[in-house]
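Peer 1:
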Amino acid sequence: MTQKQELASQGETLEPQTETAENKPQVKTKKSKFIKKKTRSTIYKTKLMEVEKNKIYSLSDALELLRKMKMAKFDETVELHINTTEAGISGQVKLPHGTGKEIRVAIADDDVLAEVEKNKINFDILIAEPSMMPKLARVAKVLGPRGLMPNPKNGTISDNPEEAMKKFQGGQINFKTESKIPLIHLSIGKTSFEDKELAENIKTIITAVKRDRIRKITLKSTMSPGIRLQA
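In my numbering, the protein residues as written are 57 to 287.
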């Protein structure tokens, strides 16, 4: 006699088994990663159409076009992005007209060190005497990732920190390629600058980086599309 027949003789029935939350096999699923696509405004797309694709503009034409593409009401930063022949290029250059941005320069001492240890950073550039470097090693993990650790290569370790401070406040900037990519990003002025001032700053940077190490230059403002510039 089958189990079903035996139960039937006792007035019982065999209920079919159904999957429940308890006995249902667990299947691991990967969470889908949604990447939000960056969308551009209609104004940006309109301005982008004003830039001729693959055209390399002269400096005067590029600056004229940059003016036409100004969108923001605030004083936009003018940027220069330089693709170089190799990574590891760095140096210093003094812009004849500065960047238009107020640079906060501090000289490392015990008071500044105490503030940094509290994770309070009130400067854009930190200058230190060589004798101060052992103390600054304590906060290297705070300063290093921000690119603020004094370094002899960029002139921020000096026996005369007051003189070094004057140079940075007077328009001197550091430039270097990204760690693994041969690309330099620089702020070289404001849209409120005259064309002559921007042009002189750009020429100064090109000379400092050296033309034979430059593959491509792109000029843009904070909100504008990029304009390919003749090196």
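For each residue, glycine too, the CB sits at the ideal point set by N, CA and C.
Tell me the rounded alpha-carbon separation between residue 222 and residue 98.
Peer 2: Residue 222 and residue 98: Cα-Cα distance of roughly 44 Å.
Peer 1: What are the uninterrupted segments assigned as alpha helix (DSSP H) that are 4 or more residues long and contained completely in the stretch 154-178, given in chain order?
Peer 2: Segments of the alpha helix (DSSP H) lying fully in the stretch 154-178: 166-173.
Peer 1: Any idea what DSSP makes of residue 108, helix, strand or coil?
Peer 2: DSSP places residue 108 in coil when its eight states are reduced to three.
Peer 1: Give the secondary structure of residue 200 by DSSP, where H, G and I count as helix, E and B as strand, and everything else as coil.
Peer 2: Helix, per DSSP.
Peer 1: How would you write the range of the alpha helix (DSSP H) that residue 218 sits in, first residue to last?
Peer 2: Counting along the chain, the alpha helix (DSSP H) containing residue 218 begins and ends at 217-225.
Peer 1: On the CB-based measure, 16 or more other CB atoms within 10 Å of its CB, does residue 132 come out buried or exposed?
Peer 2: By the neighbour-count rule (16 or more Cβ atoms within 10 Å), residue 132 is buried.
Peer 1: Nearest CA to the CA of residue 236: which residue from 130, 143, 257 and 193?
Peer 2: That would be 143, whose Cα lies nearest to the Cα of residue 236.
Peer 1: Which of helix, strand or coil does DSSP assign to residue 261?
Peer 2: Note: residue 261 maps to helix in three-state DSSP.
Peer 1: Taking the C-alpha atoms as reference points, what is the distance between residue 173 and residue 195?
Peer 2: The alpha-carbon atoms of residue 173 and residue 195 are separated by roughly 6 Å.
Peer 1: Would you mind stating whether residue 276 and residue 283 have Cβ atoms separated by less than 8 Å?
Peer 2: Going by C-beta atoms, residue 276 is nearer than 8 Å to residue 283.
Peer 1: May I have the straight-line CA-CA distance separating residue 251 from residue 167, to the nearest angstrom?
Peer 2: Distance between the alpha carbons of residue 251 and residue 167: 42 Å.
Peer 1: Go through its chain and collect everything with a Cβ distance to residue 179's Cβ below 7 Å, but skip five positions before and after it.
Peer 2: Around residue 179: 160, 161 and 162.
Peer 1: Apart from the five residues on each side of it in sequence, which residues of its chain come closer than 6 Å, Cβ to Cβ, to residue 238?
Peer 2: Only 140, 142 and 143 meet the Cβ criterion.
Peer 1: On the premise that residue 122 lies in contact with residue 255, defined as a C-beta separation below 8 Å, what is that separation, rounded to the nearest angstrom?
Peer 2: Not a contact, Cβ separation roughly 11 Å.
Peer 1: What is the residue span of the alpha helix (DSSP H) that residue 120 lies within?
Peer 2: Residue 120 -> alpha helix (DSSP H) spans 115-124.
Peer 1: Could you pull the start and end residues of the beta strand (DSSP E) that residue 182 belongs to?
Peer 2: Counting along the chain, the beta strand (DSSP E) containing residue 182 begins and ends at 181-183.
Peer 1: Tell me which same chain residues have a C-beta within less than 6 Å of the C-beta of residue 156, skipping the five on either side of it?
Peer 2: Closer than 6 Å at the Cβ level, and outside the excluded window around residue 156, lie 245 and 246.
Peer 1: Taking the alpha helix (DSSP H) that residue 236 belongs to, which residues open and close that run?
Peer 2: Neither: residue 236 is in no alpha helix (DSSP H) and is coded neither H nor E.
Peer 1: Measure from the alpha carbon of residue 112 to the alpha carbon of each residue in 187, 274, 280 and 267, then state which is nearest.
Peer 2: Checking every option, the nearest Cα to that of residue 112 belongs to 274.
Peer 1: Could you tell me how far apart the beta carbons of residue 182 and residue 193 are, in whole angstroms, since I believe they sit closer than 8 Å?
Peer 2: In fact, because the Cβ distance is near 13 Å, the residues do not count as touching under 8 Å.
Peer 1: With 16 other CB atoms within 10 Å as the buried threshold, where does residue 218 fall?
Peer 2: Answer is exposed; the Cβ neighbour count stays below 16.
Peer 1: Applying the 10 Å Cβ sphere with the 16-neighbour rule, what's the burial state of residue 280?
Peer 2: Classification of residue 280: buried, given that the 10 Å Cβ count is 16 or more.
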